[in-house]
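As structure tokens, the structure follows; a few thoughts come after it.
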Amino acid sequence: MTVFFKIFAALACLWACLLPSAQAAPRLPTDPTEVLERLPIRPGDTTARELAALGAAVTLAARDTPNNPQPATQLAERYYELAIARGDPRYIGYADAVMATFTQSSAPAALVVRGQLKQYRHDFDGALADFAAALNADPAFASAHAWRGAIYKVQANYPAAKAECDALQKLDRATLYAGCIGLATAYSGQLETGFATLQRALDQTQDAGNRLWLLTRLGEVAAWRGKPEQAEKYYRAALALGIDDGYLLAAWSDFLLDQKRPAEVVKALANWEASDGLLLRLALAETVLKLPAAKAHVQALADRFAAAKVRGDTTHRAEEARFQLHLGGNAADALTIAAANYQVQREPRDARPLLEAAIAARNPAAAQPVRDWLKSSGFEDAHLRQLVEASAAPPLSAPKPEAKP
Amino acid sequence: MTRLRLMFCRLLALCAICALPAVAHKASDSYLVLNVKGQQITGQWDIALRDIDFAIGLDANSDGEITWGEVRARHTNISAWALGRLNVQRGGDCTLQVAEHLVDTHTDGAYAVLRLTGTCPSGTQALAVNYRLLFEIDQLHRGLLRLDLDGVSHSTVLAPDTGVLTIKAGETSRLAQFGQYLVEGIWHIWIGFDHILFLLALLLPAVLVHAVTLGGTRRWKGVVSFRVALTEVLWVVTAFTVAHSITLTLAALQIIELPSRVVESAIAASVVLAAANNLWPVVERRRWLVAFSFGLIHGFGFASVLTELGLPKDALVLSLLGFNLGVETGQLAIVAVFLPVAYLLRNTALYRKGLFFGGSFLTMLVALVWLAERAFNLKLISV
Chain Y
0 MTVFFKIFAA LACLWACLLP SAQAAPRLPT DPTEVLERLP IRPGDTTARE
50 LAALGAAVTL AARDTPNNPQ PATQLAERYY ELAIARGDPR YIGYADAVMA
100 TFTQSSAPAA LVVRGQLKQY RHDFDGALAD FAAALNADPA FASAHAWRGA
150 IYKVQANYPA AKAECDALQK LDRATLYAGC IGLATAYSGQ LETGFATLQR
200 ALDQTQDAGN RLWLLTRLGE VAAWRGKPEQ AEKYYRAALA LGIDDGYLLA
250 AWSDFLLDQK RPAEVVKALA NWEASDGLLL RLALAETVLK LPAAKAHVQA
300 LADRFAAAKV RGDTTHRAEE ARFQLHLGGN AADALTIAAA NYQVQREPRD
350 ARPLLEAAIA ARNPAAAQPV RDWLKSSGFE DAHLRQLVEA SAAPPLSAPK
400 PEAKP
Chain B
0 MTRLRLMFCR LLALCAICAL PAVAHKASDS YLVLNVKGQQ ITGQWDIALR
50 DIDFAIGLDA NSDGEITWGE VRARHTNISA WALGRLNVQR GGDCTLQVAE
100 HLVDTHTDGA YAVLRLTGTC PSGTQALAVN YRLLFEIDQL HRGLLRLDLD
150 GVSHSTVLAP DTGVLTIKAG ETSRLAQFGQ YLVEGIWHIW IGFDHILFLL
200 ALLLPAVLVH AVTLGGTRRW KGVVSFRVAL TEVLWVVTAF TVAHSITLTL
250 AALQIIELPS RVVESAIAAS VVLAAANNLW PVVERRRWLV AFSFGLIHGF
300 GFASVLTELG LPKDALVLSL LGFNLGVETG QLAIVAVFLP VAYLLRNTAL
350 YRKGLFFGGS FLTMLVALVW LAERAFNLKL ISV
């Protein structure tokens, strides 16, 4: 009788599970003390009070000095920093809304903040226009040059990037200059010189934010130079600063994955599942280690990329391409996405998914833009050069049928 | 009803338990579903608790956590705030109200779910949607709208620069409409377990032959060739298809109407009989006749689904055709999976005893319960 009931229940369960409403559905909670959501910033802490103060200044200024963009700019900057530190795009939305009343403002600070927000959404042309306008109004606005330099590097326009670095040198901004030219040099075929420049900049600055940026880049460049112990030294120094930074964690995890140390990735990213990019690296590591958590994380990633697609968000295409290739087993989609991404962003970390997808999908033509870039830039990372060569090889022809005796 | 489902699932751990995923960071979205049929609007609006808190405050005791009690206390304010930023017009302003407040979870956390109802002055004019939620404080917020306007679906993303979204009634192409009903047809056969079980009950013996053995007894054996099985399957499926297409059309066009309780009970009875016929063979050579005659009844069952979906008056034939083809396609998909497997297994004891006898027996029992439920209006195993 129990067997019969079990089979019966199995059938019922099967129906239930197949019916559409078996997924998580809206519900009426019964317990008023049930915690539904934890807010990212607790009302009492420093950040909350800071934001409240800045917000109050904005409200006051809107009333008393409506043409003064300064308080709004400060609040937007603070939101921007939060977005980057936590990998949380909602803050960019808040910053956008705060700056919405100043879209016509020609104050350099406002233009630079608007440019920062645009580049976050990968509207590079819009951002460049804003930075150019800021420099028109104030040619000594160093961060506008720094940002333009960064965007030109993303677009693989190294001569333009170097021009921005020179401008920073003329403005006597030694650290900004060294950071700018160091990376530009590294991208354009001189890893050793670039490394030395970045190292010099590191020696000259005590600012934690600058050191974080420089140490992360030095780790990347050391890895490209084929010096993993050196790279690890720099990454660990960056981590030791104790500042939350999604970019550093991503670079460090990618390094560990390349060094075949997935267990350390799992440890490092244990609490960072909220960030799509870091969840990807975590899932990659867990898949290599065949951990049970991998399945749920891969599903979560699929859901997140699907949600991003619905809202038309294209800022994570490099990660999505890697997801489709290594976790989704879909080389064709990965190639399409990686190619679309490479049209907008052309840093080495954007070249790699395109190369890997082109190799997996046996489509050498698709990787031509990367081969062109490598030729013109002379980028020296041996691993990437190997991938480029592999991508150019023609697809293996089908073996000839054996002659019948 | 939901508790019963969950109990079964937990009992056997057959269902994949969705492990609670980590809360994602993404830009703000709200999910707005609107079903507009003539003058009536129903819908659902999912808004992130985090966003509501940012806009109007929910964390009454400032401890960084939002509890159900805190949300419940602000329900009136939430409704007023949300509805004040959504304007739907059809021949004039439609009145919208929140009928029910629930909660749900999406990838980036907990959401308030507002069940919406409303009426519009006109049931035929174009629909205009003006969505302004959160834009003044979050420019990356998007409203993900799924609209069903008189049976035609539209999906769109509402952004700060969308302005007023206008959709004309019956705007989608004929092809899209046809496609929609095709999909509905496929879907409804796949979730129509009574129809599937009936079909399978008739198909299970298709790869078998009830032959006289040397000892003089009759027992089931696998058929000799695939063609025999395929012919039988084709006859049965075609007869079923033709029959239910006829009555589906007659009922959908309201030429013949039968009370649904009678129809549903008759469908259950047909499944009982088809399964019982496998255990105590009465009809062996003319299964297609059984398929045809009972198929006529199943057609009425599909028709009730179609009435619920609603047939657009200006594309009646097309939608009917689409739905019918959808049902056929769904059926063929099931048969295409079933037949090769059954043919390969036909000589095994697993098939004869397990799938054929065991399966028919179970089917008969389940269908008897359905019959009892539907005839006497009970709820025993159905949800």
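Order-wise, the sequence lines are chains Y and B. Quick note on numbering: the first sequence equals residues 0 to 404 in numbering that gives the first Met the number 0. Quick note on numbering: the second sequence equals residues 0 to 382 in numbering that gives the first Met the number 0. Backbone N, C-alpha and C fix where the C-beta goes; we use that ideal spot for every residue, glycine too.
Which same chain residues, not among the five before or five after residue i, have their C-beta less than 8 Å away from its C-beta?
i                      : result
residue 20 of chain Y  : With a pLDDT of only 34 at residue 20 of chain Y, under 50, the local geometry of the prediction cannot be trusted, and no value is derived from it.
residue 82 of chain Y  : 88, 89, 90, 91, 94, 119
residue 377 of chain B : 371
residue 58 of chain B  : 52, 64, 65, 69
Find out if the Cβ-Cβ distance for the pair residue i, residue j is shorter than 8 Å.
i                      : j                      : result
residue 194 of chain B : residue 297 of chain B : yes
residue 80 of chain B  : residue 111 of chain B : no
residue 280 of chain Y : residue 300 of chain Y : no
residue 97 of chain B  : residue 78 of chain B  : yes
residue 372 of chain Y : residue 155 of chain Y : yes
residue 349 of chain Y : residue 340 of chain Y : yes
residue 174 of chain B : residue 127 of chain B : no
residue 141 of chain B : residue 28 of chain B  : yes
residue 202 of chain B : residue 334 of chain B : yes
For residue i, I'd like the list of residues in its chain whose CB is within less than 6 Å of its CB, leaving aside the five on either flank, ordered along the chain.
i                      : result
residue 26 of chain B  : 139
residue 303 of chain B : 259
residue 380 of chain B : 368
residue 336 of chain Y : 316, 319, 320
residue 352 of chain Y : 317, 320, 321, 337
residue 109 of chain Y : 68, 72, 101
With a threshold of 8 Å between beta-carbons, can residue i be considered close to chain Y, or not?
i                      : result
residue 353 of chain B : no
residue 363 of chain B : no
residue 75 of chain B  : no
residue 214 of chain B : no
residue 373 of chain B : no
residue 141 of chain B : yes
residue 385 of chain B : Examination of residue 385 of chain B is not possible in this model, given that chain B is present from 0 through 382 alone.
residue 263 of chain B : no
residue 49 of chain B  : yes
residue 101 of chain B : yes
residue 379 of chain B : no
residue 65 of chain B  : yes
residue 137 of chain B : yes
residue 161 of chain B : no
Please report how far the alpha carbon of residue i lies from the alpha carbon of residue j, in whole angstroms.
i                      : j                      : result
residue 89 of chain B  : residue 323 of chain Y : 43 Å
residue 39 of chain Y  : residue 116 of chain B : 33 Å
residue 94 of chain B  : residue 118 of chain B : 6 Å
residue 187 of chain Y : residue 346 of chain Y : 11 Å
residue 120 of chain B : residue 158 of chain B : 27 Å
residue 100 of chain Y : residue 134 of chain B : 13 Å
residue 383 of chain Y : residue 295 of chain Y : 31 Å
residue 351 of chain B : residue 238 of chain B : 25 Å
residue 22 of chain Y  : residue 104 of chain B : Confidence in residue 22 of chain Y is poor, its pLDDT being 44 and thus under 50, which makes the residue's placement unreliable; the coordinate value appears in the next sentence. Each residue's alpha carbon lies about 11 Å from the other.
residue 43 of chain Y  : residue 60 of chain B  : 11 Å
residue 22 of chain B  : residue 272 of chain Y : 7 Å
residue 278 of chain Y : residue 180 of chain Y : 32 Å
Pull up the CB-CB distance for residue i and residue j, whole angstroms please, since I reckon it's below 8 Å.
i                      : j                      : result
residue 98 of chain Y  : residue 75 of chain Y  : 5 Å
residue 167 of chain Y : residue 175 of chain Y : 5 Å
residue 193 of chain Y : residue 185 of chain Y : 3 Å
residue 373 of chain B : residue 267 of chain B : 5 Å
residue 268 of chain Y : residue 248 of chain Y : 7 Å
residue 217 of chain Y : residue 201 of chain Y : 7 Å
Let me see if you follow: with CB-CB separation under 8 Å, is residue i close to chain B or not?
i                      : result
residue 93 of chain Y  : yes
residue 409 of chain Y : Beyond the ends of chain Y as shown, which are 0 and 404, falls residue 409 of chain Y; an answer cannot be given.
residue 32 of chain Y  : yes
residue 274 of chain Y : yes
residue 311 of chain Y : yes
residue 243 of chain Y : no
residue 62 of chain Y  : no
residue 380 of chain Y : no
residue 43 of chain Y  : yes
residue 88 of chain Y  : yes
Leaving out the 5 sequence neighbours to the left and right, which residues in its chain are closer than 7 Å to residue i when beta-carbon positions are compared?
i                      : result
residue 206 of chain B : 221, 222, 228, 341, 342, 345
residue 41 of chain B  : 34, 115, 116
residue 76 of chain B  : 55
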